[in-house]
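A quick write-up on the structure given underneath.
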């Protein structure tokens, strides 16, 4: 009897531990999702409104990370670095739009891909010239160092919680910008019918520049946030860019709401896949090294499988842009 | 008229004949210079270039032409560049590749074309065993070597339950196989992550749940930076010691992770505090030229150039003497910056492997050697190699 009780106790304990692990992984998934959202929101607006594929979006992320790290180091304050990085990323974005991309709106997607790929090379090389080829160190700001046990027994880094909160705040701010301001109205109008908006006498060039700057600002924000937890290195934008494209395709091109839902979905699928697939496969397959290899391969495919499934049932993504 | 033309042809022949002997030896370098992982390729290139520059643009007292091209860590690029170098540039020697998956695609192309490949880094097991070739030499290590030393060291430290991690590509598989060859305890978990992965939160949560005594990880370049930072932020540094090969704690990574790596042990065939004339010279010159300290990758690039220096001298720069050139490479008559060095029967190094500790030297976070794990260590695949 006592042994049976002990067994039951152990089973409950294991179940609770697994549940806590599940909660922790869910937090991790949200944090990844939020970072992806910050990237995807800008990319989806540019893609949706200007019909422009911008591969250089990851470069704004890198610029945000580097400027924030550099200014933060020079002034000794992470927050000053952070606040400087945002307008710098936005200004660089607007400059790129005015100088280079404006001429590409009426070209086909292949030309845009080639030109913006060129911009990636340009920005990577420029970063190497200014800051050197090696990754630079960005510490976590004192205020957010350390961890809290929001789940019992699991110390979770405070900084990751801050990222989640920042992301949600930005999502709310974007929502009110798009729903209740005049600029937001024009963005929505631009997303559903560009020709009509310019025919009604709206300065479409200026609108494009503003939207582009906003997208670059959000990417810079993501980069500045990422600095303390990720490597601030050349080419950091390309890694996240691929995931970001998956997000906007899943969410529906041009829709900010879609970007949020898509980002969280991709975050969840990717994190759960990496966290639990190997364990599940280990219980199914005898040979552990086969199970681990298979788990790693399938989990790295998981988000693409998600994308394929979404495209089968909703070829234009989960959410349509306004209209 | 006819005479003049004949004369002209004869004169030209006279001019070109001695010029042929003085033709520079052409060396093609394919390496990663942009995007993720570029710091490794840049170090290899700079180490190699330094050796050439220190000899006034010559190796073995013979002019060399170095053609450098960026593969951006992409297999397709590397193959294309190799084809171009072999067919158009007609290089005699190819070198430079950082990543094993790229090396596996390029090395056979080069050796099949009858040219030499000298690896300054990647040493996949396939090319050390059944896939070895008489024209393929690895100047760095066979992939498993540093991980084998780590396995031995972790066992010596009496850790019984270790969690191990590596990226899902050939060198990652080699790494964990090498570690397990010498580690005697239990494996708490074995995880393969995506190559180029940036966020390790999911893996770290699982790792904590498995509660191992120690963690061994192989994550070179930016991946290592991400992992070490996130490991510390998850509060794991205090409870569970980290071990790795030198790739997880090179100069570039240490500069980017700050104090969090201090006290970590890692294994390497080289360190900048090895006291021999060649190394002292190398470290001082590298620092003077580039304003940073060399990493092990730089030392490997430099050693590759030194080996070439000895072999090109042996044939007087005449690359048609292939057999003599190969014999000179096999003899490895050069002063390696790592100390004693020779080739095993499969053209892979037999060398000492050390354990290093990360420490703070003034403002600089770097490695120092604290012990030797293996003496004259070869690799596990030499027996499978039939040349």
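Protein chains in written order, with the numbering used here: chain V, 23 to 345; chain C, 66 to 452.
Don't be surprised by glycine CBs; every beta carbon is placed ideally from N, CA and C.
Only a predicted model underlies this, so the values are computations on that prediction, with no experimental measurement involved.
For residue 230 of chain C, the uninterrupted beta strand (DSSP E) run begins and ends at 226-232, by DSSP. When C-beta atoms of the region 96-113 of chain V are compared with those of the region 220-239 of chain V, three or more pairs fall below 8 angstroms, so the two segments count as touching. Comparing alpha carbon positions, the residue from C:255, C:214, C:211 and C:233 closest to residue 226 of chain C is C:255. Within the same chain, Cβ atoms closer than 8 angstroms to the Cβ of residue 302 of chain C are found at 296 and 325, the five residues on either side in sequence being excluded.
Straight through space, the alpha carbons of residue 416 of chain C and residue 440 of chain C are spaced by roughly 7 angstroms. Take residue 430 of chain C, set aside five residues on each side of it, and the residues of its chain with a beta-carbon closer than 6 angstroms to its own are 319, in chain order. Secondary structure of residue 261 of chain C (DSSP, three-state): coil.
Of all residues in the region 317-331 of chain V, those with a C-beta nearer than 9 angstroms to a C-beta of chain C are 317, 318, 319, 321 and 322, reading in chain order.
Taking a contact to require three or more Cβ pairs closer than 8 angstroms, the region 300-313 of chain V and the region 269-283 of chain V do not qualify as touching. Considering only V:64, V:314 and V:200, the residue with the shortest C-alpha distance to residue 285 of chain V is V:64.
About 13 angstroms separates the CB atoms of residue 46 of chain V and residue 275 of chain C; that is not less than 8 angstroms, and the two are not in contact. At a cut-off of 9 angstroms between C-beta atoms, residue 188 of chain V does not count as an interface residue with respect to chain C.
With its beta carbon less than 9 angstroms from one in chain C, residue 46 of chain V belongs to the interface.
Looking from the CA of residue 135 of chain C, the closest CA among C:98, C:257 and C:93 belongs to C:98.
One thing to note: residue 188 of chain V has its Cβ no nearer than 9 angstroms to the Cβ of residue 127 of chain V. Restricting attention to C:101, C:129 and C:435, the CA atom closest to the CA of residue 338 of chain C is found in C:435.
Chain C has a Cβ within less than 9 angstroms of the Cβ of residue 301 of chain V. Residue 210 of chain C and residue 296 of chain V have their C-alpha atoms roughly 28 angstroms apart.
Beta-bridge partners of residue 89 of chain V (DSSP): none assigned.
For residue 365 of chain C, the uninterrupted alpha helix (DSSP H) run begins and ends at 361-379, by DSSP.
Excluding its 5 nearest sequence neighbours in each direction, residue 115 of chain V has C-beta neighbours in its own chain below 6 angstroms: 82, 234, 235 and 238, listed in chain order. Rounded to whole angstroms, the separation of the alpha carbons of residue 208 of chain V and residue 53 of chain V is 31 angstroms. Between residue 208 of chain C and residue 104 of chain V, the alpha-carbon positions lie close to 41 angstroms from each other. Secondary structure note for residue 411 of chain C: it is in no beta strand (DSSP E), with a DSSP letter that is neither H nor E. Counting only runs of 3+ residues, the beta strand (DSSP E) found wholly inside the region 299-360 of chain C occupies 307-310 and 330-333, in chain order.
Residue environment: residue 245 of chain C is assigned as buried (16 or more neighbouring CB atoms within 10 Å of its CB, all protein chains considered). Rounded to the nearest whole angstrom, the C-alpha separation of residue 293 of chain C and residue 160 of chain V is 13 angstroms. Under the Cβ criterion (8 angstroms, minimum of three pairs), the region 118-133 of chain C does not count as touching the region 162-175 of chain C. Taking a contact as a CB-CB distance under 8 angstroms, the pair residue 231 of chain C and residue 223 of chain C does not count as one, their CB atoms being some 23 angstroms apart.
Shortest Cα-Cα distance from residue 169 of chain V to any of C:298, C:189 and C:144 involves C:298. Judged by DSSP in its simplified three-state form, residue 94 of chain C adopts strand. The three-state reading of DSSP puts residue 177 of chain V in strand, counting E and B together. For residue 301 of chain V, the uninterrupted alpha helix (DSSP H) segment begins and ends at 278-306. DSSP, reduced to helix, strand and coil, places residue 309 of chain V outside both helices and strands of the structure shown, so it counts as coil. The shortest CA-to-CA distance from residue 315 of chain C to any of C:344, C:284 and C:300 is the one to C:284.
In the assembly as shown, residue 282 of chain C is a buried residue. Its beta-carbon has 16 or more other beta-carbons within 10 Å.
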